[in-house]
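These protein sequence lines are chains U and W, in that order.
Just so we're on the same page, my numbering is the position in the first sequence counted from 1, plus 553.
Just so we're on the same page, my numbering is the position in the second sequence counted from 1, plus 16.
Idealized CB from N, CA, C, for every residue including glycine.
Every value quoted in this text rests on a predicted model; they were computed, and no experiment measured them.
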Amino acid sequence: MGTPKPEELIQKIDLTPQWPGWMDTPTEIKPGNFCWGAKAKDLDGIGFPNPREWNPGEEDWKLPENWKEIVIEGLRERLEKYRTLKVFMDICVRCGACADKCHFFLGSGDPKNMPVLRAELLRSIYRREFTTAGKILGKFAGARELTMDVFKEMWYYFFQCTECRRCSVFCPFGIDTAEITIIGRELLNLLGCNIAWITGPVNNCYHKGNHLGLEPHAIMSSLEYMIDDIEEYTGVKVEPTFNRKGAEILFITPSGDLFADPGTFTCMGYLLMFHELGLDYTWSTYASEGGNFGFFTTNEMAKRLNYKMYAEAKRLGVKWIIGGECGHMWRVLNQYMDTWNGPADFLEVPVSPITGTRFDNAKQLKMIHAVEFTADLIKNNKLKLDPSRNDHLTVTYHDSCNTARGMGFMDEPRYVINSVCNNFFDMPENTIREQTFCCGSGSGLNASENMDLRMKGGLPRANAVKYVNEKHGVNLLANICAIDRAALTSSMDYWVPGVAVAGVHELVANAMVFKGQGKRTVDLRGEDIPGMEEEEEAEEAAESIAVQEPQEEAAGAAGEEGSE
Amino acid sequence: MELDSLLSEKREEITREWFNLIIQAYPPDTAKFLKNQTNRFANPVGHAISEAMEAVLGHLVEDRDPADVYRSMDGLVRIKAIQDFTASQSIRFIFSLKEVIRKKAQGQHLSGELLELETRIDELALGCFDIYMACREKIYDLKAKELKSMHFRLLKQANLVSEAGDPGSGPVGGNGS
């Protein structure tokens, strides 16, 4: 063969355009891929612009006449305010390193879901309005005019990004495409074009303290409901306190843990563990939401919703805060809370009252993740554990994007899981830790009407779960995020049936041995634990004949299917 | 027999051409990616296409276990079913195999065997219809399940339902996070 000659190469060049460029490929807003538009009452409730009833599937979005001006001015304002945005608009060389890293691109095959192209939606407007080359050369310089179709296209695709930042891991310039989506959504927000699944919870949170709009009595009764279940399943009566002044620790968790299974089982896990430790902590019915859907609207709204955490800590006079298992909650806390509402100089650096460990990593924030707290307990041998109680489970761990990429939090959850379960298998390297794939429903996209989109976005993660399911018999997907718990449950149901989803603290509590516990043959879901009946019988038999050796293997039943 | 040996002999060629036809359903940039990225976790769709092709050809040439071929076709149709394709577009891939094989068998006087083979491919296509329908039904089922379970605890607490379902069973959605 040899090296082809120039004449041969020239012959192969096809000069006819094969495919319209992305700017000329019209976007069709397809059902199953978008969420309902923000409702007038919610926009009104939080003082957001342009409250009206509208349907993204219809032609008329009911925008004000000067909508274009509003968007351009909004962009100008943000370019001046956020230097990162200006840099991200200018420095992308379209190398394509990010192109095939997005779970939505991998699952949908739609090139406009390549992060570079999604960002180009906004960049093209930026070039047209704010760069000389774009103004003069237009399309040749990658610039285009902001038309209604372009605006709708931005809306469609900025709500097909979960702000997971996997693409940014691969960008040689460190462009954070999630920030572009964040700004893109802020601009859409200026015209009241957010989605109902986000603005509803934001409105609830602003007025009631949590996304679900639970009032104090509903929060308390929800926990009471769990307390009864816990007593029935374990024989242990836990006694949490609410809004208790002078408690050492304030505990804040996503409200999904209060109402949505399987988050509720995780919540029962916290309740049991804190009770067993005799922890001096309190719940708050005011700071009753760990998550922050405001983060998916505007910077200011995110700040507003976040305010109650420190405010409540101050009001109750606690020393520091523990946060429950959540994903985006931790990105917000870790990266923004101190700047927004800090410094929390009235709080102390978290010191575990059980182990004495000082969490210097939270020196500024004064708040630690429940899994950090638990990992430290286990490391110091403070929990009495019987991991064989989880022997019917073969577990893998999904790194939540925000805890993994947003705060470098990867080993603690694995350490905890490995301490409470005997069968753990990680998914392949390029699908976990920094490179973890999103659940497909983050950043407020876990509505039901966009189920097709969620399944597309969930494919790469599910594909890796399927692999460990087939190879190692994995039947449980553990995680530390409330959205994951809700979203992955549906994702597994579609892609890898037979794999259940659970928070890490559910596994912890199921493996814990409590003081004064009753006969425990069921887990926190009230389901029989395979092998536990036999173990008890074996124990009884062992006691009656007074065998000398400690029995360790009676649990058995490893590898049995499913926890559901 | 002769068609069998033709299939075995040209299996690699057939696989390549069939793959190229299948990925034509996607925009060129995507098709290029599906073809070039060989890591199964970095390219789940490309991997599912290859698996399905391998299983179908394995079934046709080597008479492999039909359960195997349905499992692999499920892997691909399940993806197609949520990718904005219509039902016909979603299962087109199986029919395009006929096109590829016909070309290979041209002028070989194998029409009898070819007809027989195409009937077998049609059988697989019917199976794909079933898979597609089950997938779409699952999507609607998921929506219903999420809505139901989102409200179940609230209803129960409000004493509006009592032991109407099986507490703790079934997945739950919810935006409280």
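Under 8 Å by beta carbon: chain W residues contacting residue i
{"i": "U/Asp1009", "result": "The amino acid occupying residue 1009 of chain U in the given sequence is Lys; Asp does not appear at that position. Simply Ile98, Gln99."}
{"i": "U/Gly662", "result": "Tyr42, Pro43, Thr46, Leu50, Val61, Gln99"}
{"i": "U/Thr984", "result": "Phe57"}
{"i": "U/Ala1017", "result": "Phe57"}
Neighbour-count burial assignment, residue i, 16 or more Cβ in a 10 Å radius
{"i": "U/Pro896", "result": "exposed"}
{"i": "U/Ile582", "result": "exposed"}
{"i": "U/Thr956", "result": "buried"}
{"i": "U/Asn934", "result": "exposed"}
{"i": "W/Ala160", "result": "exposed"}
{"i": "W/Ala83", "result": "exposed"}
{"i": "U/Thr685", "result": "exposed"}
{"i": "U/Glu611", "result": "exposed"}
{"i": "U/Ala855", "result": "buried"}
{"i": "U/Thr553", "result": "Outside the modelled stretch of chain U, which goes from 554 to 1117, sits residue 553 of chain U, for which no answer is possible."}
{"i": "W/Glu25", "result": "exposed"}
{"i": "U/Thr949", "result": "buried"}
{"i": "U/Thr730", "result": "buried"}
{"i": "U/Gly745", "result": "buried"}
{"i": "U/Val1049", "result": "buried"}
Contact set between residue i and chain U, taken where Cβ atoms lie within less than 9 Å
{"i": "W/His148", "result": "Reading off the sequence, residue 148 of chain W comes out as Tyr, not His. Chain U residues near W/Tyr148: none, gap ~13 Å exceeds 9 Å."}
Reference residue i; option with closest CA among the options
{"i": "U/Glu618", "options": "U/Met980, U/Ala813, U/Met701", "result": "U/Met701"}
{"i": "U/Met576", "options": "U/Lys692, U/Lys935, U/Glu1002", "result": "U/Lys692"}
{"i": "U/Gly822", "options": "U/Gly870, U/Lys790, U/Phe849", "result": "U/Lys790"}
{"i": "W/Ser88", "options": "W/Leu76, W/Asp79, W/Gln99, W/Met69", "result": "W/Met69"}
{"i": "U/His764", "options": "U/Leu832, U/Met882, U/Ala864, U/Arg1073", "result": "U/Met882"}
{"i": "U/Ser1001", "options": "U/Ile751, U/Phe818, U/Ile931", "result": "U/Ile751"}
{"i": "U/Asp1037", "options": "U/Asn859, U/Val1057, U/His1025", "result": "U/Val1057"}
{"i": "U/Ser905", "options": "U/Glu925, U/Leu918, U/Trp893, U/Met960", "result": "U/Glu925"}
{"i": "U/Asn976", "options": "U/Gly610, U/Pro940, U/Ala840", "result": "U/Pro940"}
{"i": "W/Ile39", "options": "W/Ser106, W/Asp81, W/Ser21, W/Asp90", "result": "W/Ser106"}
{"i": "W/Ile147", "options": "W/Ser104, W/Asp81, W/Glu28, W/Asn36", "result": "W/Ser104"}
{"i": "U/Asn971", "options": "U/Leu638, U/Arg868, U/Gln988, U/Asp944", "result": "U/Asp944"}
{"i": "U/Asp952", "options": "U/Lys594, U/Arg718, U/Ile733", "result": "U/Arg718"}
{"i": "W/Glu33", "options": "W/Ile110, W/Val85, W/Ser21", "result": "W/Ile110"}
{"i": "U/Met960", "options": "U/Asn887, U/Asn983, U/Ile985", "result": "U/Asn887"}
{"i": "U/Ala1053", "options": "U/Val1075, U/Thr1074, U/Gly1026, U/Gln1070", "result": "U/Gly1026"}
{"i": "U/Glu682", "options": "U/Phe712, U/Tyr710, U/His656, U/Ile623", "result": "U/Ile623"}
{"i": "U/Asp663", "options": "U/Tyr679, U/Gly831, U/Asp781, U/Asn586", "result": "U/Asn586"}
Beta-carbon separation (whole angstroms), residue i vs residue j, contact threshold 8 Å
{"i": "U/Gly627", "j": "U/Asn608", "result": "About 23 Å separates the two Cβ atoms, so there is no contact after all."}
{"i": "U/Gly843", "j": "U/Thr806", "result": "5 Å"}
{"i": "U/Met773", "j": "U/Phe795", "result": "6 Å"}
{"i": "U/Glu901", "j": "U/Trp873", "result": "6 Å"}
{"i": "U/Tyr1020", "j": "U/Met963", "result": "20 Å between Cβ atoms; not a contact."}
{"i": "W/Leu37", "j": "W/Leu133", "result": "Contact doesn't hold; Cβ gap of about 17 Å is too wide."}
Proximal chain W residues relative to residue i, where beta-carbon distance stays under 7 Å
{"i": "U/Pro981", "result": "Phe57"}
{"i": "U/Met1004", "result": "Ile155, Leu158, Lys159"}
Beta-carbon neighbours of residue i, restricted to chain W and to distances below 9 Å
{"i": "U/Asn619", "result": "Simply none; closest approach about 33 Å."}
{"i": "U/Ala915", "result": "Neighbours of U/Ala915 on chain W: none; closest Cβ ~22 Å, over 9 Å."}
{"i": "U/Lys705", "result": "Within 9 Å Cβ-Cβ: nothing; U/Lys705 doesn't reach chain W, min ~17 Å."}
Where residue i falls: helix, strand or coil (DSSP)
{"i": "U/Phe587", "result": "coil"}
{"i": "U/Ala1053", "result": "strand"}
{"i": "W/Gly74", "result": "helix"}
{"i": "W/Gly91", "result": "helix"}
{"i": "U/Tyr834", "result": "strand"}
{"i": "U/Ala1031", "result": "strand"}
{"i": "U/Asn914", "result": "helix"}
{"i": "U/Ile907", "result": "coil"}
{"i": "U/Gln963", "result": "A quick correction: the sequence has Met, not Gln, at residue 963 of chain U. Coil."}
{"i": "U/Met1065", "result": "strand"}
{"i": "U/Trp873", "result": "strand"}
{"i": "U/Thr556", "result": "coil"}
{"i": "U/Met667", "result": "coil"}
{"i": "W/Ile147", "result": "helix"}
{"i": "W/Phe111", "result": "helix"}
Interface partners of residue i on chain U, CB under 8 Å
{"i": "W/Lys154", "result": "Asp1046, Tyr1047"}
{"i": "W/Ile38", "result": "What W/Ile38 touches in chain U: nothing, since even the nearest Cβ is about 12 Å away."}
{"i": "W/Gln53", "result": "Asp653"}
Per-residue contacts from residue i into chain U (C-beta, under 7 Å)
{"i": "W/Glu132", "result": "Simply none; closest approach about 33 Å."}
{"i": "W/Ile107", "result": "In chain order: nothing, as chain U lies at least about 17 Å away."}
{"i": "W/Glu162", "result": "Ser1001, Ser1043"}
{"i": "W/Ile95", "result": "Leu1012"}
Residue i at chain A interface by Cβ criterion, 8 Å
{"i": "U/Lys761", "result": "No chain A appears in this structure, whose protein chains are U and W."}
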